[in-house]
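Residue numbers (this note's numbering): 643 to 914.
Cβ atoms here follow ideal geometry from the backbone N, Cα and C, with glycine treated the same way.
Since the model is a prediction, treat every value here as computed from it, not as a measurement.
As structure tokens, then:
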């Protein structure tokens, strides 16, 4: 019975991953939403449910990789985090691009209501010195908990079936939808969250493929996204700037691979 289950997961790896991520991940998110609903003073408790919900992406990636190829494939996924020998400019982009675009959005729309704006009013220019600290603090959270699954498995698995751009659009849509319960309970915009996930995922895919599969860069980029979300004003301006950047990348590097090298693929015998 156990062997049959692993074989079924291996054959339907994409569906199995999504079942784990949404089935168990949303369970944590929805319970958290019910606990917090109508009690704004409990919002700080959200991380108690959000963290295990996000971790389902990591667990899902580990489960399907183990089903597909055992310990060897699981380790192959982890080894992508050790691909640190990359051009220096990729590190600059991974760390700084999104915060710079977020500051641009702040200049265009204004800085009212953002986390960084509130910090700026209290500490002035010293706020900039806090951003690297915030960046490092973000690394153990959603970047490490989510990316082994979303970009470490699903993006690469889909790229064996579709172009890099189409794969990124699919991953971005699912990634955005996965966050919907958290967005609802925090009174965010579902449309902005899903569209934002789609747009940013193009840049994630470009970094992944240009670096020939470096998950280290992907994790750094995710942490920089979290920082950028503290800087950017609410609304579409930030994502419009990101979309323009994504369009340039798609045009220059090509939608097929989103890189000047062949896209990274995770082959399989999936029936999905």
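*Reference residue 727, options 906, 881, 852, closest by Cα*: 852
*Can you say whether residue 714 is buried or exposed, counting buried as having 16 or more other CB atoms within 10 angstroms of its CB?*
exposed
*Beta-carbon proximity check, residue 794 vs residue 844, cutoff 8 Å*: no
*Using CA coordinates, which residue listed in 703, 683, 670, 707 is at the minimum distance from residue 694?*
Cα-wise, what sits closest to residue 694 is 670.
_Secondary structure, alpha helix (DSSP H): runs of 4+ residues fully inside the stretch 673-729_ = 689-721
*asked:* Buried or exposed, going by whether 16 or more other CB atoms sit within 10 Å of the CB of residue 734?
replied: exposed
*With residue 840 and residue 811 assumed to form a contact (beta carbons below 8 Å), what rounded beta-carbon distance in angstroms separates them?*
Contact check for residue 840 and residue 811: beta-carbon distance about 6 Å, within the 8 Å limit, so the pair qualifies.
*Just reading off the alpha helix (DSSP H) that residue 662 is part of, what are its end residues?*
Here residue 662 belongs to no alpha helix (DSSP H), and DSSP marks it neither H nor E.
*Can you give me the start and stop residues for the alpha helix (DSSP H) that residue 789 sits inside?*
Annotation: the continuous alpha helix (DSSP H) that includes residue 789 extends over 784-791.
_So, for residue 835: in the same chain, excluding its five sequence neighbours on each side, which residues have a beta-carbon less than 6 Å away from its beta-carbon?_
Shown here for residue 835: same chain residues with a beta carbon closer than 6 Å to its own, the five before and five after excluded, namely 818, 821, 825 in chain order.
*Within its chain, find whatever has a CB closer than 6 Å to the CB of residue 814; leave out the 5 residues flanking it on each side and keep chain order.*
Closer than 6 Å at the Cβ level, and outside the excluded window around residue 814, lie 839, 840, 843.
_Taking 8 Å as the cut-off, does the stretch 648-665 touch the stretch 689-708 (at least 3 CB pairs, one atom from each stretch)?_
Contact between the stretch 689-708 and the stretch 648-665 is present: three or more C-beta pairs spanning the two stretches fall below 8 Å.
_Quick check on residue 829: does DSSP put it in helix, strand or coil?_
coil
*asked:* Closest to residue 721 by C-alpha separation, out of 896, 736, 855, 654, would be which residue?
replied: Answer by Cα proximity: 855.
*On the three-state DSSP scale, how would you describe residue 821?*
coil
*Is residue 696 closer than 8 Å to residue 788 when the C-beta atoms are compared?*
Contact annotation: residue 788 and residue 696 have beta-carbon atoms nearer than 8 Å.
*According to the Cβ coordinates, are residue 784 and residue 864 closer than 8 Å?*
yes
*Going by alpha carbons, who is nearest to residue 710 out of 729, 650, 690?*
650
*Does DSSP put residue 739 in a helix, in a strand, or in coil?*
Helix, per DSSP.
_So for residue 749, helix, strand or coil by DSSP?_
helix
*Check whether the Cβ of residue 674 lies closer than 7 Å to any heavy atom of the ligand ATP, and answer yes or no.*
Judged by which ligands are present, the structure shown has none, so any question about the ligand ATP falls away.
*Cα-Cα, which of 891, 698, 833, 674 is closest to residue 807?*
891
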